[in-house]
Amino acid sequence: MMMTPLQKYLSATPAESVSPAFVSWLSALQLVAGEAPGVARAVVRELAAQRSHLKLIASENYCSHSVQAAMGNLLTDKYAEGYPAHRYYGGCENVDAIELRAAKEARELFGAEHAYVQPHSGADANLIAFWAILSARVEEPALSRLGTADLNRLSDAQWETLRQELGSQRLLGMDYYSGGHLTHGYRQNVSARMFRAATYAVDKESGLLDYDAIEKQALDFKPLILLAGYSAYPRAINFKRFRAIADKCGAVFMVDMSHFAGLVAGKVFVGEENPVAWADVVTTTTHKTLRGPRGALILCRSEFADAVNKGCPLVAGGPLPHVMAAKAVALKEARRPAYRAYARSVQRNARALAEACMREGLAVQTGGTDNHLLVLNVAQTHGLTGRQGESAMTQCGITLNRNSVPFDPNGAWWTSGLRIGTPALTTLGMGTAEMEEIAPLIRLVLDGTKPAPSEKGALSKSKIALDGAAQKVAQRRVSALLGRFTLYPELDLAFLKSSFLR
Ligand SMILES: *Cc1c(COP(=O)(O)O)cnc(C)c1O
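The opening position of the sequence shown corresponds to residue -6 in the working numbering, with each subsequent residue numbered one higher.
Next comes the structure, spelled out in structure tokens:
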């Protein structure tokens, strides 16, 4: 009789050396391959791709096998609209236990008054937070003026007046080109369509937030929501100062800490740099520096708890119980001393990498970093667009993404910058010595890259001519580096390939 991959592995491995993580992978892939071999092949190929590319993407990480295992089970079958002990479906006791556990872990980890762990993604969390704030600050006062708590009792005319009022509020967030996120009032996103949105930019000279200028703008604009947080700003933020600005202009202070939540959880950002201590509402993804499953959560003061709990039906549909389970596991992991050491190391590595890049003559925006990321201006040093830099790196086995620099003349598509982060490399176990190796590697690739002419003869903003010798050297150095830091080392890739890629 033919042996399955799992049986083969178990029969060839002494009991004390059997890896539970590898057994779990083999069992899962066998089941998947039985129905959809192409899907199983893609999973194995993704492991191979991740193993062979240096991941400098600032928003990605590698989560634990425990986090992954918590997601891969029957919890996905359950509908649980509502919130714990207040569901629109029967039989939610176990989902309640999971959601309550994850929320408790989140409250304790971040020292928050309330946590809501249902949002499926950072963008969803922001929408829920926006509408929860609108509920608490616009809808509730309107209803109490009208003498009812029930929307359905409003006349069509009253409802239309309220709808107009909800739709005419103001949001002040960080400019996309300065490092803000699409969901913070960018015109292509619903946030700029549901709010009258304005944005604050960094200072043109220093590239830093100018709190006095933000205060002036906020007092002038009088937003309902003052929003701080970023995807590509390399510095710490003084949230105490932001709080004072919000108080002065009567705004609700919201922070989107999606990128740096891990540094908050790991107590790298404390005091004035800890948003949870100062903001009314804090949103975050759970899959970036926090190193959990793909998803998000919202922390808030008690004042906003009821409104945030109504995320479903307000914005979202049913929660993902399996992902909430994985959030509970990841949040628990983040409370351990080992995670704090990880968070400190992420920051130390980013600093080391920024300094090494500057020694290589690369243009590091703001002259360094306080967090987990840095932005290189490759237009300035190499006459390349971010897009060209990104494809050169990819062809050399380095994954990262292009990013706008403040006031970017190349716009949001081509861009002038590369965003580089240390969370994933730090999870692999790399330290400052490896950062010293990576900076010259980045320089080598950029030095070997020239903009190529497009069909029409003019210099293209996307095409490149990559020097073959430089590429070979870079690829060799990437493999040597990754050979010393294997992703998920307990997974036997050769065995997976021979079992599923034939
Ligand atoms: C990544 C990010 C988001 C969006 O998260 P998704 O899970 O991709 O929806 C929102 N805000 C900020 C600041 C982010 O960095």
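C-beta atoms are modelled at their ideal positions from N, C-alpha and C, and glycine is treated no differently.
Under the three-state reduction of DSSP output, residue 356 falls in the coil class, being neither helix nor strand. For residue 400, the number of other beta carbons within 10 angstroms of its own is below 16, and it is reported as exposed.
Relative to ligand 1, the beta carbon of residue 176 is positioned inside 6 Å of a heavy atom. In this structure, the CA atom of residue 384 is about 48 Å from the CA atom of residue 82.
Residue 247 is bridged by DSSP to 220 and 274.
Short note on residue 6: C-beta not closer than 6 Å to any heavy atom of ligand 1. Residue pairing from DSSP places residue 368 in a beta bridge opposite 412. Rounded to whole angstroms, the Cβ separation of residue 275 and residue 268 is 5 Å, and the two are in contact under 8 Å. Within the region 39 to 99, the runs of alpha helix (DSSP H) at least 4 residues long that lie entirely inside it are, in chain order, 58 to 64.
In the three-state scheme derived from DSSP, where H, G and I count as helix and E and B as strand, residue 442 is classed as strand. Under the three-state reduction of DSSP, residue 403 is assigned to coil, being neither helix nor strand. Note that the region 68 to 88 does not touch the region 441 to 452; fewer than 3 beta-carbon pairs, one per stretch, sit closer than 8 Å. With fewer than 16 other CB atoms across the displayed protein chains lying within 10 angstroms of its CB, residue 149 is exposed.
Take the alpha-carbon of residue 115 and the one of residue 220: they are about 14 Å apart. Segment contact: the region 307 to 323 against the region 64 to 73, three or more CB-CB distances shorter than 8 Å; contact assigned.
Residue state for residue 171 is assigned as helix, using DSSP reduced to three classes. When DSSP states are grouped into helix, strand and coil, residue 12 belongs to the coil group. Ranked by Cα distance from residue 425, the options 391, 341 and 457 are led by 341.
Within the region 442 to 480, the runs of beta strand (DSSP E) at least 3 residues long that lie entirely inside it are, in chain order, 442 to 446 and 452 to 459.
Pairing residue 266 with residue 244, the inter-Cα distance amounts to about 20 Å. The C-alpha of residue 272 is placed about 12 Å away from the C-alpha of residue 107. DSSP places residue 226 in the coil class of the three-state scheme, outside both helix and strand. Annotated three-state conformation of residue 290 is strand, per DSSP. Taking all protein chains shown into account, residue 247 has 16 or more neighbouring C-beta atoms within 10 Å of its C-beta and is therefore buried.
With a cut-off of 6 Å, the C-beta of residue 252 is classified as near ligand 1, since at least one heavy atom of the ligand falls inside that distance. With 16 or more neighbouring CB atoms inside 10 Å of its own CB, residue 320 falls in the buried class.
In the three-state reduction of the DSSP assignment, residue 125 falls in the helix class, which pools H, G and I. Scanning 202, 368 and 259 for the CA closest to the CA of residue 327 turns up 259. For residue 278, the shortest separation between its Cβ and any heavy atom of ligand 1 lies below 6 Å. Pairing residue 182 with residue 398, the inter-Cα distance amounts to about 20 Å. Residue 37 is a Cβ neighbour of residue 489, given a cutoff of 7 Å.
Per DSSP, reduced to three states, the secondary structure at residue 179 is coil, with no helix or strand assignment. Between residue 196 and residue 203, the beta carbon gap of about 4 Å places them in contact (Cβ cut-off 8 Å).
Here the alpha carbons of residue 123 and residue 303 stand approximately 12 Å from one another. Distances taken from the Cβ of residue 285 to the heavy atoms of ligand 1 include none shorter than 6 Å. Residue 322 is not a Cβ neighbour of residue 386, given a cutoff of 7 Å.
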